[in-house]
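Chains as they are written, first to last, in my numbering: chain C, 4 to 326; chain D, 4 to 326.
Protein chains: 2
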Amino acid sequence: MNFKEVQQIIDSDLKRVSETIRSFLDSKISFIGQVASYLIESGGKRFRPTVHILSARACGYEGDRMYTIASTLEFIHTATLLHDDVVDYAELRRGQPTANVLWGNEATVLVGDFLLARSFYALVGDEDLDILRCISNATTRMAEGEILQLLQTNNPEITFEDYLEIIKCKTAVLIAAASETGAILGKKNREIRERMHNFGMNIGIAFQITDDTLDYIIEDKTLGKTRGQDFIDGKVTLPFILAYEKSDKCEREILKNLFLKDEKDQNDFEKIYSILESKNAFNLSFEYANRYVEKAKEDISFLDSHYREYLSIIADYILERKY
Amino acid sequence: MNFKEVQQIIDSDLKRVSETIRSFLDSKISFIGQVASYLIESGGKRFRPTVHILSARACGYEGDRMYTIASTLEFIHTATLLHDDVVDYAELRRGQPTANVLWGNEATVLVGDFLLARSFYALVGDEDLDILRCISNATTRMAEGEILQLLQTNNPEITFEDYLEIIKCKTAVLIAAASETGAILGKKNREIRERMHNFGMNIGIAFQITDDTLDYIIEDKTLGKTRGQDFIDGKVTLPFILAYEKSDKCEREILKNLFLKDEKDQNDFEKIYSILESKNAFNLSFEYANRYVEKAKEDISFLDSHYREYLSIIADYILERKY
């Protein structure tokens, strides 16, 4: 079974999530729905809702509240995509022009704000303080992660620990909230909540490491991204960190100078690519991702239903994206 | 008594709010505190905290929770200022360079996001769903108001009703939440909550009408704003709407053409200013503001303590800002 087939199994749940999302976007201001659904309804894989629904079911939850929670997770994720694209001056996402290109930075920032606020309003309507605490904490850490990343831009000497903290915050904490809130719905005890939290955190870390590595490798059209975009933007990610660690003083100077060059072009990217390749940095990076996926599977080893298998498939899917 | 003297009476409360704000900004990432406190600690009048504290005390509340709530109101307000400055490409606020000028759009958007998320996390910690509902609803409407305003940019035929909806959402709902949450803390019934809500809404409307009118009248340094900034930005506000209503077909053409001109300059502003002045639009605008202040005072006529007087002084202060 693969990711798509697992999603088939919870297809009726995912449809309910889509309906809930549409109802949350039903504002007097149709423009909001137009901008938000451009991103939410086009090409998104519903990764966070999928993790949440499978986690809730794995923890024995049978009710309807997961549709609200899954929708807010997708909203919060979309809000950060909108704001990221403004922050990064991005022009393409998933092969389509970004919202800021189509509607301008102003509308993009404000629709992101709407999605964040609307999420909290929806969660308050659900009236569960544990869920609210989990998701509002994740959202706060996400903002911290984005700021940390911004502060570390153009720093070729960033440590693995700093990198890990950034990707935990900017990506993994929301996925951890997706799985942990499943355990909260299932009224599980603190230990199981923690295990489900760790599962999401570990697949989230693997997810971002894979993304960051693919950024060096995959061509334009597949991800709707320019290859080497992170390098151009001055974002130091795992392949660079690993190659830098394995380099001698002289090689480090070369890496640093390439990274700190004022106007980097395709030629500079090819240079850095071949150095990283010569250090085996891409394979090593994927090995890191693999290790976090294995940790994640260990986290859910306590589950004894077929949901354990489904969640494992979701975890494996993260690595398959590289092909 | 004036605004400052009323604030003197609750000085120890306002100091507790400042301490709470500082504790909420105490992140590992000192940069966040640096950007946020640049706005929060410089020149802000603590208007929303003042309204909240006086409302809570007026409704018989004696505890400490108002410091948390007042701080989150100030955070949410600051987040919208940060995002507004990015949206408006503003360069000055309160006579100082804006955060986006000092730290860039990226950091400004992200610190705004942090403040919003941190507010919700703090409110969840307070564990009162009524408060959460009130403030998350206000925040959602604020985002809607900003988007409505953006959509109505460069529309010289905006109606008074549309204008009122925009200023209610973008400004008044948060002030209404400040006073209503005071009544919630005081465990007042629905009717009194509604009256306190209306009080905040009405002073909020008066506040924004006054701001919009002063934008045409007051010179650069006083507000740290360029005179006529709204006109330059294509924002249609009450003085224009009132003058437009009183104009004949030919005069309307002139007003429209001035408003829709591609690159407006100081000369265009002087022209529109003298037309609006000739229609008595500024005085009429202030009369509108005055009417909302009177409504607000009516809303709190049920109060029988000296807090009724203090809240009335806050309401009157809104109009005094014009001198």
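We put the beta carbon where it would ideally sit given N, CA and C, even for glycine.
Option nearest residue i by Cα separation, candidates the options
| i | options | result |
| --- | --- | --- |
| E148(D) | Q211(D), A186(D), F305(D) | It should be noted that the sequence gives Gly, not Glu, for residue 148(D). The shortest Cα separation from G148(D) among Q211(D), A186(D), F305(D) belongs to Q211(D). |
| V89(D) | T75(D), S74(D), G107(D) | G107(D) |
| P159(D) | I244(D), D215(D), T83(D) | I244(D) |
| A181(C) | L57(C), T216(C), C172(C) | L57(C) |
| A331(C) | G231(C), A179(C), K190(C), I221(C) | Residue 331(C) is absent from the structure shown; chain C starts at 4 and stops at 326. |
| I32(D) | C172(C), A82(C), L105(C) | C172(C) |
| G47(D) | K264(D), F78(D), Q269(D) | F78(D) |
| D271(D) | A299(D), I303(D), D233(D) | D233(D) |
| P242(C) | K264(C), K282(C), E266(C) | K282(C) |
| I35(C) | E280(D), A146(D), E256(D), E266(D) | A146(D) |
| G237(D) | S139(D), D265(D), D29(D) | D265(D) |
| Y276(D) | E290(D), F289(D), L261(D) | L261(D) |
| L21(C) | L84(C), R230(C), R49(C), K259(C) | Before going further, note that residue 21(C) is Ser rather than Leu in the sequence given. Nearest of L84(C), R230(C), R49(C), K259(C) to S21(C), Cα basis: R49(C). |
| D29(C) | T143(D), I134(D), N5(D), L84(D) | T143(D) |
C-beta neighbour in chain D for residue i, strict 8 angstroms
| i | result |
| --- | --- |
| N140(C) | yes |
| R136(C) | yes |
| H86(C) | yes |
| V104(C) | no |
| I150(C) | yes |
| T23(C) | no |
| E130(C) | yes |
| F234(C) | no |
| A146(C) | yes |
| L117(C) | The identity of residue 117(C) in the sequence shown is Phe, whereas the question assumes Leu. Taking Cβ atoms only, chain D reaches closer than 8 angstroms to F117(C), which makes this a yes. |
| A110(C) | yes |
| V127(C) | yes |
| V9(C) | no |
Test: residue i CB closer than 8 angstroms to a CB of chain C
| i | result |
| --- | --- |
| T240(D) | no |
| R121(D) | yes |
| S30(D) | yes |
| Y313(D) | no |
| I72(D) | no |
| I35(D) | yes |
| Y326(D) | At Y326(D), the pLDDT of 46 sits below 50, so the modelled position is not reliable; the number obtained from the coordinates is stated separately. No, Y326(D) does not count as interfacial toward chain C. |
| V333(D) | For chain D, the structure presents residues 4 to 326; residue 333(D) sits outside this window and is missing. |
| I13(D) | no |
| Y124(D) | yes |
| T143(D) | yes |
| L263(D) | no |
| V89(D) | yes |
| L153(D) | yes |
Within 8 angstroms, strictly: CB atoms of residue i and residue j
| i | j | result |
| --- | --- | --- |
| M204(D) | A175(D) | yes |
| T23(D) | I317(D) | no |
| T184(C) | H80(C) | no |
| A19(D) | Y70(D) | The residue asked about is misnamed: residue 19(D) is Arg in this sequence, not Ala. It is a contact, given that the beta carbons lie within the stated cut-off. |
| A125(D) | F202(D) | no |
| L132(C) | V127(D) | yes |
| F163(C) | Y219(C) | no |
| L105(C) | A39(C) | no |
| T213(C) | A292(C) | yes |
| L263(D) | N157(D) | yes |
| K267(C) | I235(C) | yes |
| I328(C) | R294(C) | There is simply no residue 328(C) to check, as chain C begins at 4 and stops at 326 in what is shown. |
| R68(C) | L188(C) | yes |
| D139(C) | T75(C) | Looking at the sequence itself, residue 139(C) is Ser, so the reference to Asp does not match. It is not a contact, given that the beta carbons lie outside the stated cut-off. |
| V296(C) | L322(C) | yes |
| Q155(C) | I170(C) | no |
Heavy atom of the ligand SAM within 7 angstroms of residue i beta-carbon
| i | result |
| --- | --- |
| L241(D) | This structure simply doesn't include the ligand SAM, nor any ligand for that matter. |
Rounded distance between the beta-carbons of residue j and residue i, thought under 8 angstroms
| i | j | result |
| --- | --- | --- |
| A110(D) | I161(C) | With 8 angstroms as the limit, A110(D) and I161(C) do not qualify as a contact, their Cβ atoms being about 18 angstroms apart. |
| A120(D) | Y41(D) | 19 angstroms between Cβ atoms; not a contact. |
| L113(C) | L153(D) | 6 angstroms |
| D116(D) | H86(C) | 6 angstroms |
| Y206(C) | A299(C) | In the sequence under discussion, the amino acid at residue 206(C) is Ile, which differs from the Tyr named in the question. Correct: roughly 5 angstroms between the Cβ atoms. |
| L314(C) | A61(C) | 6 angstroms |
| I278(D) | A246(D) | 6 angstroms |
| D129(D) | I72(D) | 7 angstroms |
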